[in-house]
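**Student:** Residue numbers (the working numbering): 1202 to 1773.
The beta-carbon is built from N, C-alpha and C at its ideal position, and this holds for glycine as well.
Let me give you the structure first, and then I'll get to my questions.
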């Protein structure tokens, strides 16, 4: 093995100046991954070792193993118990006096569940009809010998456990070996230890491959800066507009066959400019977080396939997406990654800390180009939760919700002329759903105040039955039947809606706990900062209070005084 390097040039990224320079280039050739024994999981900073767990591609379970007699028994007992309670305890929801309230719940339910069922049916059409045709064409092209001329991989890493980084590299090298073409790994990092860890392991596992490692060192924090530096380096290197570039995180392990299922799709459809892939997760943390993320990924599979039926998606996940290089090496795209910002009436102009995947999505959405989802190309994210699982979940919801709100507003402004109407309405619906999700629990509370606590009991039964029915659909997109979905689903919905309303007035406040605990827009001690924080708090209370007042007015607990009453009170 030979190692060649260029003189080191430090990367500089400023809001006004384009960064320049590329750190060393190394050409590596390695032995097959199956001959390499995994290294210890002990990180250079002294973190305790851990076992990564099963990160292999999940094989579909046989029907009778997934829906085993024990699972069927639990489901039967659940529904029998719920129906038994409905028949034996007082049921105020369906009383004549509350018909108007029941109708409202019914109309909201028809709207929301109908919209959800629309996604489910569209996902089935894409998965069973549309995508298999594309898959057959792509496989035929790959089997005929077609390959991309070169594989470019843009990867960012930040203090990952050694075992995670090595698993990621082994998976990537296996994909490159399968393709049999030269590849360049563009590594964005901020620390020498990360660079040495990856370079040293590549020397071991990539001896039989034509792989070039280009390390781009950033001198400012943030994943966005790292991506922008890499893209500028690619632009200077002369990456062709039809070259394919993989964007992936340093904790995402590719499953076998991932890249060969993605690359040919660009060849059979010249108008396709980006795609994103399926994702699984292994959580090192509280047991319930594994169920929570499994449930969210099942929801994601349904939504992604539904959106892909319209040749668009609503995010190009940073975990693993593939891009045609045409747009991504332009200065406009790079600047959007590096210094994406929003001009807000309350918080002024502020830059985005996270949400690089939403920025890439918006940049391509504004160009009107095709994007898609590849359900059978997948990988596993290794999520290490250090500290409180609840705090991590709350931080993730704030980050995801903030990114959605910041980008959704400008995507709506593009209008349906720049995208299929269905996709435009999906973006609008994301903003409506946070209010409708809170309407039903507020209505239940208002009716309980008037008719007693039994109304809450019946509402909980309503939630249990409807969420289990939704979970049955989610189980078809999950590896296993996890009955924890029945309580995780409503908790996730209600909590996520509250977080979205909270973040609606705090779009500048950003934090990324698992990226060095970066934060932005957290306020200060100045009079302006205190006034902005107070205004955000006041608007949040006004939002919740206005919604609740609307609910209790509709439930006739509150009436609007007549003009005559107002005149008599004020003595006009």
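Any idea if residue 1766 is buried or exposed, counting beta-carbon neighbours within 10 angstroms, 16 or more meaning buried?
**Tutor:** Under this definition residue 1766 is an exposed residue.
**Student:** Pop quiz: residue 1419 and residue 1426 are said to be a contact at Cβ under 8 Å. What is the actual Cβ separation, rounded to whole angstroms?
**Tutor:** Rounded, the Cβ-Cβ distance is 5 Å, consistent with contact.
**Student:** Assuming residue 1184 and residue 1489 are in contact, meaning their beta carbons sit under 8 Å apart, how far apart are those beta carbons, in whole angstroms?
**Tutor:** The structure shown does not extend to residue 1184, since the chain is modelled only from 1202 through 1773, so no value can be given for it.
**Student:** Is residue 1353 helix, strand or coil when you go by DSSP?
**Tutor:** In the structure shown, residue 1353 sits in a strand (DSSP, three-state: E or B).
**Student:** Given a threshold of 16 other Cβ atoms within 10 Å of its Cβ, counted over all protein chains shown, does residue 1415 qualify as buried or as exposed?
**Tutor:** Buried, because 16 or more other Cβ atoms sit within 10 Å of the Cβ of residue 1415.
**Student:** Under the three-state reduction of DSSP, which class applies to residue 1702: helix, strand or coil?
**Tutor:** Helix, per DSSP.
**Student:** Buried or exposed: where does residue 1581 fall if 16 or more other Cβ atoms within 10 Å of its Cβ makes it buried?
**Tutor:** It is buried - the Cβ of residue 1581 has at least 16 other Cβ atoms within 10 Å.
**Student:** Check the DSSP bridge columns for residue 1695 and list the partner residues they point to.
**Tutor:** Looking at the DSSP assignment, residue 1695 forms no beta bridge with any residue, so it has no partner.
**Student:** Taking the beta carbon of residue 1289 as the centre, do at least 16 other beta carbons fall within 10 Å, making it buried, or is it exposed?
**Tutor:** Looking at its Cβ environment, which holds fewer than 16 other Cβ atoms inside 10 Å, residue 1289 is exposed.
**Student:** Excluding five sequence neighbours on each side, which residues of the same chain lie with their C-beta closer than 6 Å to the C-beta of residue 1449?
**Tutor:** Within the same chain, residue 1449 has close Cβ partners 1356, 1521.
**Student:** Let's see if you can read the secondary structure: which residues bound the beta strand (DSSP E) around residue 1474?
**Tutor:** Its beta strand (DSSP E) spans residues 1473-1478.
**Student:** Tell whether a beta-carbon distance below 8 Å holds between residue 1445 and residue 1525.
**Tutor:** Cβ distance < 8 Å, so residue 1445 and residue 1525 count as in contact.
**Student:** With burial defined as no fewer than 16 other Cβ atoms inside 10 Å of the residue's Cβ, what is the status of residue 1482: buried or exposed?
**Tutor:** Per the 10 Å Cβ criterion, buried.
**Student:** Answer yes or no: the CB of residue 1681 versus the heavy atoms of the ligand NAP, is any distance below 7 Å?
**Tutor:** Because no ligand of any kind appears in the structure shown, any question about the ligand NAP cannot be addressed here.
**Student:** So the alpha helix (DSSP H) residue 1398 belongs to, where does it begin and stop?
**Tutor:** Segment 1393-1406, the alpha helix (DSSP H) holding residue 1398.
**Student:** What three-state label does DSSP hand residue 1290 in the structure shown?
**Tutor:** Three-state result, residue 1290: coil.
**Student:** From residue 1458 to residue 1476, what does the alpha carbon distance come to, in whole angstroms?
**Tutor:** So the two alpha carbons sit approximately 15 Å from each other.
**Student:** According to DSSP, simplified to helix, strand and coil, what is residue 1741?
**Tutor:** Reduced to three states, the DSSP call for residue 1741 is helix.
**Student:** Indicate the three-state DSSP secondary structure (helix, strand or coil) for residue 1578 in the structure shown.
**Tutor:** Looking at residue 1578 - three-state DSSP - the assignment turns out to be coil, as it is neither helix nor strand.
**Student:** Could you give the residue range of the beta strand (DSSP E) that holds residue 1417?
**Tutor:** It spans 1412-1418 - the beta strand (DSSP E) in which residue 1417 sits, taken as one unbroken run.
**Student:** Excluding five sequence neighbours on each side, which residues of the same chain lie with their C-beta closer than 8 Å to the C-beta of residue 1440?
**Tutor:** Result list for residue 1440: 1353, 1446, 1526, 1530, in chain order.
**Student:** Going by alpha carbons, who is nearest to residue 1342 out of 1279, 1735, 1469?
**Tutor:** Selected option, being the one with the closest Cα: 1469.
**Student:** Does the segment 1557-1572 come within contact of the segment 1534-1541, defined as at least 3 CB pairs closer than 8 Å?
**Tutor:** A contact exists between the segment 1557-1572 and the segment 1534-1541.
**Student:** Are residue 1463 and residue 1578 closer than 8 Å when you measure CB to CB?
**Tutor:** Against a cut-off of 8 Å, the Cβ pair of residue 1578 and residue 1463 comes out as a contact.
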